[in-house]
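First comes the structure, then the notes that go with it.
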Amino acid sequence: MKSLLNFIVLMLCSLTSYGQSFSVSGTVIDADNISIEFANIILLSEDESEVLKGTSTDDNGFFSILNLEEATYVLKISYIGFESFNQKIILRGNLDLQTIQLNEASERLDEVSIIAKKPTIKREADRLVFNIEQTALVEGNMLQVLKSTPGVLVIGDEITVKNSNPTVYINNRKVNLSSEDLNQLLEGSSANSIKSVEVITNPSARYDAESGVVINIIMTKNLVTGYRGSVFTNYTQGVFPRYNAGTSHFFKNEDISLNVNYSYSKDKINREGDDTVNFLDNSNNLDQSWRSFTNRNTWSETHNLNTNFDYFINDKNTLSLSSNVLYLPYFKYKIANNTMITDDNGNFLSRFTADNLSRDNKYNLAFDIDFNHKFTKGELVVNAHYTTYNYERNQGVISNFFDANNTFQNASAFNTNNNQDTNIFAGKIDYNLPINESSNFETGLKFSSTNTESDITQFDVDLNTGNETVDVLNSDAFNYDERIFAGYINYDLNTEKWSINAGLRAEQTNIEGVSPSTNITNSQDYLEWFPNASLQYNISDNYNAYINYKRSIARPSYAALNPFQFFLNDNYVVTGNPFLVPTFTDHFVVGTNITDYFTFEAYYKNYDGAISEIPRQNNATNVIEYISVNFDKTVEFGFDFITNFNVTNRWSVYAVTSFYNFEEQTNFGLGFVKQDQWSNYSELQNSVTLLKDNSLNISCALTWVGKNLQGFQIVENRFFSELAISKTILKKQGTLSLSVSDIFNQHDFDLSTKYQNQFNTQFVDVDDRYVRLGFRYKFGNTKLNSNVRAIDTEERDRLEKKGN
Numbered sequence: 032m033k034s035l036l037n038f039i040v041l042m043l044c045s046l047t048s049y050g051q052s053f054s055v056s057g058t059v060i061d062a063d064n065i066s067i068e069f070a071n072i073i074l075l076s077e078d079e080s081e082v083l084k085g086t087s088t089d090d091n092g093f094f095s096i097l098n099l100e101e102a103t104y105v106l107k108i109s110y111i112g113f114e115s116f117n118q119k120i121i122l123r124g125n126l127d128l129q130t131i132q133l134n135e136a137s138e139r140l141d142e143v144s145i146i147a148k149k150p151t152i153k154r155e156a157d158r159l160v161f162n163i164e165q166t167a168l169v170e171g172n173m174l175q176v177l178k179s180t181p182g183v184l185v186i187g188d189e190i191t192v193k194n195s196n197p198t199v200y201i202n203n204r205k206v207n208l209s210s211e212d213l214n215q216l217l218e219g220s221s222a223n224s225i226k227s228v229e230v231i232t233n234p235s236a237r238y239d240a241e242s243g244v245v246i247n248i249i250m251t252k253n254l255v256t257g258y259r260g261s262v263f264t265n266y267t268q269g270v271f272p273r274y275n276a277g278t279s280h281f282f283k284n285e286d287i288s289l290n291v292n293y294s295y296s297k298d299k300i301n302r303e304g305d306d307t308v309n310f311l312d313n314s315n316n317l318d319q320s321w322r323s324f325t326n327r328n329t330w331s332e333t334h335n336l337n338t339n340f341d342y343f344i345n346d347k348n349t350l351s352l353s354s355n356v357l358y359l360p361y362f363k364y365k366i367a368n369n370t371m372i373t374d375d376n377g378n379f380l381s382r383f384t385a386d387n388l389s390r391d392n393k394y395n396l397a398f399d400i401d402f403n404h405k406f407t408k409g410e411l412v413v414n415a416h417y418t419t420y421n422y423e424r425n426q427g428v429i430s431n432f433f434d435a436n437n438t439f440q441n442a443s444a445f446n447t448n449n450n451q452d453t454n455i456f457a458g459k460i461d462y463n464l465p466i467n468e469s470s471n472f473e474t475g476l477k478f479s480s481t482n483t484e485s486d487i488t489q490f491d492v493d494l495n496t497g498n499e500t501v502d503v504l505n506s507d508a509f510n511y512d513e514r515i516f517a518g519y520i521n522y523d524l525n526t527e528k529w530s531i532n533a534g535l536r537a538e539q540t541n542i543e544g545v546s547p548s549t550n551i552t553n554s555q556d557y558l559e560w561f562p563n564a565s566l567q568y569n570i571s572d573n574y575n576a577y578i579n580y581k582r583s584i585a586r587p588s589y590a591a592l593n594p595f596q597f598f599l600n601d602n603y604v605v606t607g608n609p610f611l612v613p614t615f616t617d618h619f620v621v622g623t624n625i626t627d628y629f630t631f632e633a634y635y636k637n638y639d640g641a642i643s644e645i646p647r648q649n650n651a652t653n654v655i656e657y658i659s660v661n662f663d664k665t666v667e668f669g670f671d672f673i674t675n676f677n678v679t680n681r682w683s684v685y686a687v688t689s690f691y692n693f694e695e696q697t698n699f700g701l702g703f704v705k706q707d708q709w710s711n712y713s714e715l716q717n718s719v720t721l722l723k724d725n726s727l728n729i730s731c732a733l734t735w736v737g738k739n740l741q742g743f744q745i746v747e748n749r750f751f752s753e754l755a756i757s758k759t760i761l762k763k764q765g766t767l768s769l770s771v772s773d774i775f776n777q778h779d780f781d782l783s784t785k786y787q788n789q790f791n792t793q794f795v796d797v798d799d800r801y802v803r804l805g806f807r808y809k810f811g812n813t814k815l816n817s818n819v820r821a822i823d824t825e826e827r828d829r830l831e832k833k834g835n
């Protein structure tokens, strides 16, 4: 390791003398040779698909864009009331454009319109880029955007991409949250600052090995100087009303750039359930059937704060500070359960009710500091990350039992206190070296440390006296330490015929989980290698073929390793498994693109030790336990057909259909269980822009998920539908929005489990059928958006009076 570090340091030092950077400069004037101040200067890639850099002219009309690589660019200069200036430039050295004259536009100011955009989809060999900037989707929240992102499926607290749980990044920074907290963060965060969403199905070695699939949410950045802001509010009517409001602010000058986004949400969400557990006798014949009707409500107040501050030390060095804050001062969780017990002939035997009331208080504070240094050729980025997470839950459960005559017999009660304190520290260094115009080299090192201390105490309650007694068997503590050391190299090449990306990542993992009260210790120490490769051959301008391979890891979460038993009631319990081991996945893809509109893919995934939380019923004790286990074998393979095209210049379409087979196999102690299921996933998205000024945008997404297999449970057909409409008003400063989810009331679903001595079913009625109304108002310095000349009003008035 010491030799490797010395080699990397020497390599980085030796590269600082290579290459050369260039600049573009000029002066902008009008027809009267008067300098134009605050004109927008934007530099785009040659195909105009990406904005690379931006600035504005000073009080003399002068601009300069520095630190540019040798390439072909498109320069755009705009100023309201004038025609835009566009010019393609081939940069081979410092370029002085001298004087650039803008011609006055023939339209009057109040006739100048801002052209709205439709969502655009760009497919690459390893990812899909979904650009939503200035579309109807930005008037919702981040979770709603993910629901509309092609290939992403959101059900309850679970986000999936092709049956895999992706790692979520925001601006290439990993979000260290549980699935439940991540959903709360995304649902409480406005989407107005999102530029695009990248669904990276074959992440390079630069990403953590756990990132089998990555969703990277790219936020907009200020490219020119000035200030702008917005305020927004949303009202959502589901089963119960929900409220959301917030504000965003962006400021940039020559030295700093600051983005601040804050939102507040107040929600009440309902969920209905109809579960049946068929408890079996020793011959696996029906003994008793327990049918439970549950009504769950959650009340929550959530504060989200996201900030990003960039300090441009000079042309080569930038210091960035960012934070992501989630705070829930109020979270109440209430379950009302009524369970009916019948015999094998359906005759009523007894019933019980169980009322569960929990109150939570939690926060998740994440902070990043980045230092970016641009060499003459190459770039070095150093990052330090810290997350602190605190969670407290106080739970009370009371159950009432009734006999065959439906007469009250007795009652029981217990209370639970659950606390968790987690600290995460990570530091990494990444170096990027452009070797030439067509190839690039990356390398880096990372260290991360996770420490969690948690405890649970359960009290049996005497309902006559109210006295509490500690239940020692269901009380525990758990301390978890995880350290990961990682290093990687990655190389990519892009020529007219070939696109190659290949990398190798090594990760050394040290884990120790200790439960003092039960003397259970889980120690894991392993070094693993994670290669990845993408190869694409361009047969012609209209045809290409590609192949991808990626090996990744899914480590069991500390929550899953925690051996606690958390009782929802006397007969339903969630249990941790301290003996879980990591899952290793090998993912292969072969595909072809035909023209710009059609893609065909075949893929194969092999999961070694797939982790899944499954229900396991104990037919002797009549308890059903939800526990995470490793499966012996899990294989998935399938075929995809994808197309996206523009029907007209105002109507774009994206469609995908996938046929796939999922197979699971494991031994639960009674011999091997094997199940497999063919399924279909299909999605259709339409984006339409209407009205002469393009001020009305409509996005509609329809998704079909056929009968499929998940953790030895058969999930029946589901049909998802989302509609988003936005209309700009108040001279483009205001936006009205309307969103509708689950238009056809087909989001609810059935699950069934039947193998060996397991026989149970569930029906889940989720509260995601809603109508959302929203309004946003933008304000700020018009220099940023419309480039209106800055003339002091008082001085202008004096001139006018003097002229009279």
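Convert by adding 31 to the 1-based position in the sequence shown; the result is the number in the numbering used here. Just so you know, even glycine gets a beta-carbon here, dropped at the ideal spot from N, CA and C.
### Query
So does the segment 453-464 actually touch the segment 476-486, counting three or more Cβ pairs closer than 8 Å?
yes
### Query
In chain order, what residues of the same chain lie with their CB nearer than 6 Å to the CB of Thr-384, ignoring the 5 residues before and after it?
Asn-369, Asn-431
### Query
Taking buried to mean at least 16 other C-beta atoms within 10 Å of its own C-beta, is Thr-86 buried or exposed?
buried
### Query
Across which residues does DSSP place Lys-785 in a beta bridge pair?
Phe-790
### Task
Just confirm the distance between the C-beta atoms of Asn-579 and Asn-194, as a whole number of angstroms; I'd bet it's less than 8 Å.
Not confirmed; about 17 Å, so no contact.
### Query
How would you write the range of the beta strand (DSSP E) that Val-160 sits in, first residue to last?
Run containing Val-160: 158-162, per the beta strand (DSSP E) assignment.
### Query
What's the gap between the Cα of Asn-725 and the Cα of Phe-282?
28 Å
### Message
What does the alpha-carbon distance come out to for the pair Lys-705 and Gln-696?
### Response
4 Å
### Task
Starting from the Cα of Phe-668, find the closest Cα among Thr-674, Tyr-657, Glu-694 and give me that residue.
Glu-694
### Message
Just to confirm my understanding: we take Gln-787, look at its own chain, exclude 5 residues before and 5 after, and list those with CB closer than 8 Å. What are they?
### Response
Asn-315, Phe-699, Leu-701, Gly-702, Val-704
### Query
Taking all protein chains shown into account, do 16 or more other C-beta atoms lie within 10 angstroms of the C-beta of Thr-76, making it buried, or fewer, making it exposed?
Looking at the sequence provided, one finds Ser at residue 76 rather than Thr. Exposed is the call here.
### Reference Arg-322, options Val-678, Ala-755, Leu-177, Asn-602, closest by Cα
Asn-602
### Query
Rounded to whole angstroms, how far is the Cβ of Lys-528 from the Cβ of Asn-569, which I believe are closer than 8 Å?
Going by Cβ atoms, the distance from Lys-528 to Asn-569 rounds to 5 Å, so yes, they are a contact pair.
### Query
Could you give the distance in angstroms between the alpha-carbon of Thr-307 and the alpha-carbon of Asn-649?
14 Å
### Query
For Ile-400 versus Asn-449, is the C-beta spacing smaller than 8 Å?
no
### N-terminal and C-terminal residue of the alpha helix (DSSP H) that Ser-179 is part of
173-179
### Query
Hey, which unbroken runs of the alpha helix (DSSP H) at 4 residues or more fall wholly within the segment 641-715?
none
### Query
When DSSP builds the beta bridges, which residues end up paired with Val-245?
In DSSP, Val-245 forms a bridge with Thr-198, Ile-231.
#### Entry: Close-in-space but distant-in-sequence residues of the same chain around Asp-572 (CB under 6 Å, 5 per side omitted)
none
### Query
For the beta strand (DSSP E) that contains Tyr-580, what are its first and last residues?
574-585
#### Entry: Presumed contact (8 Å Cβ cut-off) between Thr-373 and Ser-320, rounded CB distance
5 Å
### Message
Assuming the contact rule is C-beta atoms closer than 8 Å, Thr-549 and Pro-594 should be a hit. Round their C-beta distance to whole Å, please.
### Response
6 Å
### Message
Strictly by DSSP, which residues pair up with Arg-536?
### Response
Tyr-519, Phe-561
### Query
DSSP state of Ala-591, grouped into three classes?
helix
### Message
Output needed for Val-501: all residues of its chain with C-beta closer than 7 Å, excluding positions within five of it in sequence on either side, in chain order.
### Response
Thr-488, Phe-490
#### Entry: Selection from Gly-124, Phe-310, Tyr-266 that minimises the alpha carbon distance to Thr-652
With distances taken between Cα atoms, Thr-652 lies closest to Phe-310.
### Query
What residue from Gly-304, Gly-92, Asn-134, Phe-619 has the CA that sits closest to Phe-324's CA?
Among Gly-304, Gly-92, Asn-134, Phe-619, the Cα nearest to that of Phe-324 belongs to Gly-304.
### Query
Applying the criterion that 16 or more other CB atoms from any shown protein chain within 10 Å of the CB defines a buried residue, is Phe-439 buried or exposed?
exposed
### Query
Between the segment 118-129 and the segment 100-110, are three or more C-beta pairs nearer than 8 Å?
yes
### Query
What do you get for Tyr-519, buried or exposed, if any count of 16 or more other CB atoms within 10 angstroms of its CB means buried?
Of the residues assessed, Tyr-519 falls on the buried side of the cut-off, its CB having 16 or more other CB atoms within 10 angstroms.
### Query
What separation, rounded to the nearest whole angstrom, lies between the Cα atoms of Val-244 and Val-183?
11 Å
### Residue range of the unbroken beta strand (DSSP E) whose run includes Gly-257
257-268
#### Entry: Nearest neighbour of Gly-57, chosen from Leu-97, Glu-81, Asp-78 [CA to CA]
Of the listed residues, the one whose Cα sits closest to Gly-57 is Leu-97.
### Query
In the structure shown, what three-state DSSP assignment does Val-503 receive?
helix
### Query
Relative to the alpha-carbon of Asn-467, which residue among Gly-409, Leu-317, Asn-313, Thr-665 has its alpha-carbon at the smallest distance?
Residue Gly-409 is the option with its Cα nearest to Asn-467.
### Task
To the nearest angstrom, report how far apart Ile-287 and Val-413 are at their CA atoms.
19 Å
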